[in-house]
Amino acid sequence: MERPKIFLSAGEASGEHYGALMMTAIRRLAPQAEFFGLGGIRMASLGLRRVVRAEDVAVMGITEVILHMPHIYREYRKLKASLRTERPDLAILIDFPDVNLSLAAELRRLKIPVVYFVSPQLWAWKKWRVRGVKRNVSRMLVIFPFEEEFYRTHGVAAEFVGHPLADLKPPMVTREAFARENGLDASKFWIGLLPGSRARELDANLPPMLEAARLLGPEYEYLLPVAPTLKDSQVHALDTRAKQAGVRVVHDARAVLQHARASVVASGTATVEAALISNPFLVVYRVSRITYAVARRVVRVAHVGMVNLIAGRRIVPELIQDDFTASKVLEQLRPLLENEQARATMQSDLRTVGAALQVHSEGAIEHAARIALQLIPSFGFIMAR
Numbered sequence: 001m002e003r004p005k006i007f008l009s010a011g012e013a014s015g016e017h018y019g020a021l022m023m024t025a026i027r028r029l030a031p032q033a034e035f036f037g038l039g040g041i042r043m044a045s046l047g048l049r050r051v052v053r054a055e056d057v058a059v060m061g062i063t064e065v066i067l068h069m070p071h072i073y074r075e076y077r078k079l080k081a082s083l084r085t086e087r088p089d090l091a092i093l094i095d096f097p098d099v100n101l102s103l104a105a106e107l108r109r110l111k112i113p114v115v116y117f118v119s120p121q122l123w124a125w126k127k128w129r130v131r132g133v134k135r136n137v138s139r140m141l142v143i144f145p146f147e148e149e150f151y152r153t154h155g156v157a158a159e160f161v162g163h164p165l166a167d168l169k170p171p172m173v174t175r176e177a178f179a180r181e182n183g184l185d186a187s188k189f190w191i192g193l194l195p196g197s198r199a200r201e202l203d204a205n206l207p208p209m210l211e212a213a214r215l216l217g218p219e220y221e222y223l224l225p226v227a228p229t230l231k232d233s234q235v236h237a238l239d240t241r242a243k244q245a246g247v248r249v250v251h252d253a254r255a256v257l258q259h260a261r262a263s264v265v266a267s268g269t270a271t272v273e274a275a276l277i278s279n280p281f282l283v284v285y286r287v288s289r290i291t292y293a294v295a296r297r298v299v300r301v302a303h304v305g306m307v308n309l310i311a312g313r314r315i316v317p318e319l320i321q322d323d324f325t326a327s328k329v330l331e332q333l334r335p336l337l338e339n340e341q342a343r344a345t346m347q348s349d350l351r352t353v354g355a356a357l358q359v360h361s362e363g364a365i366e367h368a369a370r371i372a373l374q375l376i377p378s379f380g381f382i383m384a385r
């Protein structure tokens with residue numbers, strides 16, 4: 001097979017980023033590979049023929065999904081039709097379970113091998129959906145160590161490939177250069193405020209962060225990195241809100257985590273980045289009252305923060321929903337700013353978590369791409385190193 005046809009489905013920002021990396025890795029192993037499916041702008045720039053645009057279907061939360069369900073279902077039907085028409089040699093589904101778990105069932109009916117990369121959090125809730133994963137997914141490639149055991153216990157062919165973020169080199173920009181670029185005072189300690197990248201996350205998580213900055217006062221510099229996916233109008237609106245609280249908008253989240261004294265980070269991918277950089281932080285999050293009420297009834301995990309789940313204990317403070325207030329942020333943040341022993345203990349714990357996320361010398365994405373291509377008979381000779 002000289003030109004394998006691969007279906008890719010990645011519907012959210014982090015998944016779309018991994019999708020772009022996966023395309024690049026597959027092309028190194030199979031240069032003539034052809035890609036189509038669901039993805040974002042980065043994937044399109046690498047040659048993905050987009051049947052559906054990721055930006056048209058990326059919503060989250062129970063109330064948000066319900067509101068957008070008719071549109072999402074129309075786009076889902078487009079994807080199913082493309083599978084029946086094009087009959088790819090392989091499908092790679094990345095996170096985004098509301099669409100991808102249903103696509104997996106359709107792919108099984110069409111006898112197309114399915115690789116699922118970045119597990120949906122079925123171990124936290126909806127464990128009943130594991131039966132569908134076992135039936136429909138050829139290989140589950142997970143990025144957190146405890147997930148492999150969970151799936152194997154349920155009879156799913158799963159492998160922990162490491163976390164892609166663990167393969168990134170630390171940010172190269174020096175503190176002094178970053179200060180010059182952003183008009184910051186390098187003589188002060190900096191505090192990172194990372195409320196999330198979606199509009200709903202910003203609305204829910206940013207106000208307590210800004211209030212905490214006001215309460216702490218001008219002794220520190222406060223940095224709010226904005227996602228590259230935000231429109232200019234959104235960045236301008238954020239900048240206006242931030243300045244009123246003495247907070248500076250910047251454009252490099254990893255550099256902020258590298259150079260901040262400590263950070264306040266919304267639950268999600270940024271918490272893993274903070275752990276890998278060993279930046280002391282606390283996990284915060286708010287969702288709609290309906291989403292939270294439902295989650296309390298069905299979620300069965302000891303911790304919300306991924307770092308704490310990996311560690312198997314509470315190494316990072318968590319302030320969720322009504323506990324996420326400016327006063328409680330200050331209570332948990334001050335030791336990370338002022339107490340050297342507390343800082344050293346957390347940094348040591350974070351380094352242990354980071355080491356657990358890097359398992360292959362070739363990198364998580366490269367390893368995942370190699371495993372995926374083995375499911376195409378003509379590429380079975382490409383063996384994992």
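Yeah, the sequence shown ends on 385 if you go by my numbering, and it's all consecutive.
Ideal Cβ placement from N, Cα and C applies to all residues, glycine included.
Relative to the C-alpha of residue i, which candidate in the options has its C-alpha closest?
{"i": "Val99", "options": "Leu8, Arg180, Ser138, Ala356", "result": "Leu8"}
{"i": "Leu107", "options": "Phe96, Lys80, Val118", "result": "Lys80"}
{"i": "Ser327", "options": "Trp190, Gly312, Ala213, Asn136", "result": "Ala213"}
{"i": "Gly268", "options": "Arg286, Val173, His251, Ala255", "result": "Arg286"}
{"i": "Lys231", "options": "His251, Gly246, Leu215, Lys243", "result": "His251"}
{"i": "Gly11", "options": "Ser45, Tyr76, Lys5", "result": "Tyr76"}
{"i": "Ala91", "options": "Ala20, Leu48, Lys5, Gln234", "result": "Lys5"}
{"i": "Glu362", "options": "Ala302, Leu216, Leu168, Glu273", "result": "Leu168"}
{"i": "Ala13", "options": "Phe96, Thr85, Tyr73, Val130", "result": "Phe96"}
{"i": "Arg135", "options": "Phe150, Arg109, Phe144", "result": "Arg109"}
{"i": "Val130", "options": "Ile143, Arg42, Val156, Ile112", "result": "Val156"}
{"i": "Phe281", "options": "Lys243, Ser233, Ser348, Pro228", "result": "Ser348"}
{"i": "Val51", "options": "Met43, Lys78, Glu159, Arg152", "result": "Lys78"}
{"i": "Glu211", "options": "Ser187, Ile310, Gly246", "result": "Gly246"}
{"i": "Arg248", "options": "Ser233, Arg254, Asp185", "result": "Asp185"}
{"i": "Arg152", "options": "Glu219, Val133, Ala253, Gly37", "result": "Val133"}
{"i": "Val272", "options": "Leu375, Pro88, Leu357, Arg53", "result": "Leu357"}
Exposed or buried, what is residue i when buried is set at 16 or more other beta-carbons lying within 10 Å of its beta-carbon?
{"i": "Gly39", "result": "buried"}
{"i": "Tyr222", "result": "buried"}
{"i": "Ile290", "result": "exposed"}
{"i": "Phe146", "result": "exposed"}
{"i": "Ala369", "result": "buried"}
{"i": "Pro208", "result": "buried"}
{"i": "Asn308", "result": "buried"}
{"i": "Gln341", "result": "exposed"}
{"i": "Asp322", "result": "exposed"}
{"i": "Gln332", "result": "buried"}
{"i": "Asp203", "result": "exposed"}
{"i": "Leu276", "result": "buried"}
{"i": "Gly312", "result": "exposed"}
{"i": "Leu215", "result": "exposed"}
{"i": "Met172", "result": "exposed"}
{"i": "Asn339", "result": "exposed"}
{"i": "Glu219", "result": "exposed"}
{"i": "Val65", "result": "Any reading at Val65 needs caution, since the residue's pLDDT is 48, under 50, leaving its predicted position unreliable; the model's value is listed next. Result: exposed."}
What residues are listed by DSSP as bridge partners for residue i?
{"i": "Tyr222", "result": "Ile191, Val247"}
{"i": "Phe144", "result": "BP columns for Phe144 are empty, so no partner."}
{"i": "Lys111", "result": "Lys111 is not bridged to any residue."}
{"i": "Gly363", "result": "Answer is none; Gly363 lacks a bridge partner."}
{"i": "Glu86", "result": "The partner list for Glu86 (beta bridge, DSSP) is empty, contrary to what the question assumes."}
{"i": "Ile6", "result": "Phe35, Leu90"}
{"i": "Phe117", "result": "Ile94, Leu141"}
For residue i, report the span of its alpha helix (DSSP H) as first-last.
{"i": "Val272", "result": "269-277"}
{"i": "Gly354", "result": "340-356"}
{"i": "Gly217", "result": "No alpha helix (DSSP H) holds Gly217; DSSP gives it neither H nor E."}
{"i": "Ser320", "result": "Contrary to the premise, residue 320 reads as Ile rather than Ser in this sequence. From DSSP, Ile320 is part of no alpha helix (DSSP H) but of the beta strand (DSSP E) over 318-320."}
{"i": "Gly19", "result": "13-29"}
{"i": "Ala255", "result": "253-259"}
{"i": "Lys231", "result": "Taken as a continuous stretch (DSSP letters only), Lys231 belongs to no alpha helix (DSSP H), as it is neither H nor E."}
{"i": "Val133", "result": "130-136"}
If I follow the unbroken beta strand (DSSP E) through residue i, where does it start and stop?
{"i": "Arg49", "result": "49-53"}
{"i": "Leu90", "result": "90-94"}
{"i": "Phe178", "result": "No beta strand (DSSP E) contains Phe178, which is instead part of the alpha helix (DSSP H) from 175-182."}
{"i": "Leu309", "result": "Not the beta strand (DSSP E): Leu309 falls in the alpha helix (DSSP H), residues 306-311."}
{"i": "Glu159", "result": "158-160"}
{"i": "Ala266", "result": "262-266"}
{"i": "Arg37", "result": "Note that residue 37 is Gly in the sequence shown here, rather than Arg. Unbroken beta strand (DSSP E) run through Gly37: 34-39."}
{"i": "Val284", "result": "281-285"}
Taking CB distances under 9 Å as the criterion, tell me whether residue i reaches chain C.
{"i": "Val250", "result": "Within the model displayed, chain C is absent; a lone protein chain is all it includes."}
Looking at C-beta atoms only, is the number of pairs between the segment 234-252 and the segment 310-321 that lie closer than 8 Å three or more? no
Between the segment 178-196 and the segment 258-270, are three or more C-beta pairs nearer than 8 Å? yes
Do the segment 26-46 and the segment 108-119 touch if we need at least three Cβ pairs shorter than 8 Å? No: the two stretches stay apart, fewer than three of their Cβ pairs being nearer than 8 Å.
Count the CB pairs spanning the segment 18-28 and the segment 359-378 that are closer than 8 Å, and state whether there are at least three. yes
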